[in-house]
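Inspection log for the structure reproduced underneath, given as structure tokens.
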Amino acid sequence: MEAFKAFVENGSVSKAADALYVSQPAVSKLLNNFELDIGMELIDRSSNRPVVTERGMRVYEEIDRILSGVDQIGQAIAAIRAKERSQITVGVMPGFPPSLLSRAAQIVRQDHPDISISFIVRSSEFISHGILSRKMDLGIIARELDHPQVQTNLFLDQEMVAVMRPDHALAERDVVDISDLQGQNFISFTSGSVSRQMMDKALEAARIEPDTVLQATTAPNCCAFVADGLGLSVMSPIFAEHSHDRLTFRPFTPTLRVQVQSVRPVDGRERRSTDLVLSALEAARDEKTSARAKL
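Each residue of the sequence shown is one higher than the last, beginning at 135 in my numbering.
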């Protein structure tokens, strides 16, 4: 499993061997034996460069989940031995502002140095599974998680805004309407994201068809494309906070709200420490929101 995980994450047998500090033939043998053991083709070797099959990616996700849990057990054991440090694992959705995580870590470190935090960036679905299986203590996700064993609170509720370069034609508008997007070069989030689903629904209702030239998985990628003049985008302003000095933001109609939830097990371990970490994240959020309002 470790050999297959290393192959997927490093992209080749030789790089996987380097990561595991073993020989390339040893990794090849491990991969072959693993496929034989489970009776499934995980790697397509028909081309010069072997690639992971669709089934292989599904197996990788399960392996990653399992081995992450094993790592967490090791961390918990180390914390128990130390008897002085709480290890809190926080799952964070892709694109969540790193500056908020950094600021929250500073607050925790300053006031509660006995708490150690591990931030893990994963999809909202992956984090939901992590919370339900008790592999994560706290999650920040862009979806509802309605479960009797999970406590859910609204962490962020923001109206999406139009994001563009200062020299974009629509930057002269006080408000950008969805009708203004007709024929415009548009940077969209990838299919499956909550923001993409809301935007697609609004465009369909308005019968507007922008020219979607690029799709990206996270707000930082969208902002990078916008900053390079490839088009404009629509997103929550806090997720574009790292690009405020390069981009212009305008209110967008119709109103589309991004809601981010904090989730944690009702009877999770280290409850006090988890509450303190969440409070630090909320304080960092409020600082960032207040600073944005002054701009």
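Each residue gets a CB set at the ideal place from its N, CA and C atoms; glycine is no exception.
Just how far apart, CA to CA, sit residue 404 and residue 346? 46 Å
Are the CB atoms of residue 226 and residue 265 within a distance shorter than 7 Å? no
Report yes or no: do the stretch 352-371 and the stretch 295-304 share at least 3 C-beta pairs separated by less than 8 Å? Verdict: yes, contact present.
Here's the rule: buried if 16 or more other CB atoms are within 10 angstroms of the residue's CB, otherwise exposed. What is residue 174? exposed
Could you tell me the boundaries of the alpha helix (DSSP H) in which residue 243 lies? 232-245
Check whether residue 238 and residue 415 have beta carbons under 7 Å apart: yes
Three-state class that DSSP yields for residue 349 in the structure shown: strand
First through last residue of the alpha helix (DSSP H) which encompasses residue 312: First-last for residue 312: undefined, no H or E at that position.
Am I right that residue 411 and residue 284 are in contact with their C-beta atoms under 8 Å? What's the rounded C-beta distance? About 17 Å; that fails the 8 Å criterion.
Residue 352 versus residue 380: straight-line alpha-carbon distance, rounded: 17 Å
Just checking, does the stretch 242-253 make contact with the stretch 194-201 on the three C-beta pairs under 8 Å criterion? Counting Cβ pairs under 8 Å, fewer than three are found: no touch.
In its own chain, which residues sit with a C-beta less than 8 Å from the C-beta of residue 162, not counting the 5 before and 5 after it? 147
Give the secondary structure of residue 273 by DSSP, where H, G and I count as helix, E and B as strand, and everything else as coil. Residue 273: strand per DSSP, three-state reduction.
Any chance the stretch 320-333 sits against the stretch 388-400, with 3 or more Cβ pairs inside 8 Å? A contact exists between the stretch 320-333 and the stretch 388-400.
Beta-carbon separation of residue 312 and residue 350 under 7 Å? no
Could you say which of 232, 398, 243 lies nearest to residue 253 if we only look at CA atoms? 232
Just checking my contact of residue 400 with residue 279 at CB under 8 Å: how many whole Å lie between their CB atoms? Residue 400 to residue 279, Cβ: 12 Å. No contact.
Looking at the structure shown, is residue 264 part of a helix, part of a strand, or coil, going by DSSP? Correct three-state label for residue 264: helix.
Own chain residues within Cβ distance below 6 Å of residue 135, not counting five before or after: 197
Using only alpha-carbon positions, find the residue among 172, 141, 320 that is nearest to residue 159. Residue 159 has its Cα closest to that of 141, out of 172, 141, 320.
Using three-state DSSP, classify residue 319 as helix, strand or coil. strand
Please list the segments of the beta strand (DSSP E) lying wholly inside the stretch 346-420, counting only runs of 3 or more residues, in order along the chain. Qualifying beta strand (DSSP E) stretches, in chain order: 367-369, 382-387, 391-399.
Alpha carbon to alpha carbon, how far is residue 230 from residue 170? 40 Å
Helix, strand or coil at residue 294 according to DSSP, with G and I counted as helix: Three-state result, residue 294: coil.
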